[in-house]
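Enquirer: Input: one structure, supplied below.
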Amino acid sequence: MDVQDWRTPANRLTAQAIDFVLPPSSRFVGQPGEQATMFFLDPSGNPIEVKGCANLDDVYAK
């Protein structure tokens, strides 16, 4: 998903005080592959990653 769409669940989960493994944050800012990401655990303890890309064409950029 793109970063704009990613912000909606990030804001909702933050407002609900979800216990994040990795809180919503940005990585590779200003570089190819720039992304926003967050990790949290589902009720069974499985890690869930939700990622938003600044430019979907750069998803696999190095």
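Note that this note's numbering has the sequence shown beginning at 2, numbered continuously upward. No residue lacks a Cβ here, since even glycine has one placed at the ideal position from N, Cα and C.
(1) Whole angstroms is fine: what's the gap from S26's alpha carbon to R8's?
(2) Write down every uninterrupted run of the beta strand (DSSP E) in the region 15–62 whose length is 3 residues or greater and which is fully enclosed by it, in chain order.
(3) Looking at the strands, I want to know which residues DSSP matches up with L3.
(4) Hey, how far is the Cα of P24 from the Cα of L14?
(5) Which word fits Q17, buried or exposed, when buried means at least 16 other C-beta atoms lie within 10 angstroms of its C-beta?
Expert: Taking the geometry as given:
(1) 10 Å
(2) 21–28, 36–42 and 48–54
(3) Note that residue 3 is Asp in the sequence shown here, rather than Leu. DSSP, once it has assigned bridges, lists C54 as partnering D3.
(4) 10 Å
(5) exposed
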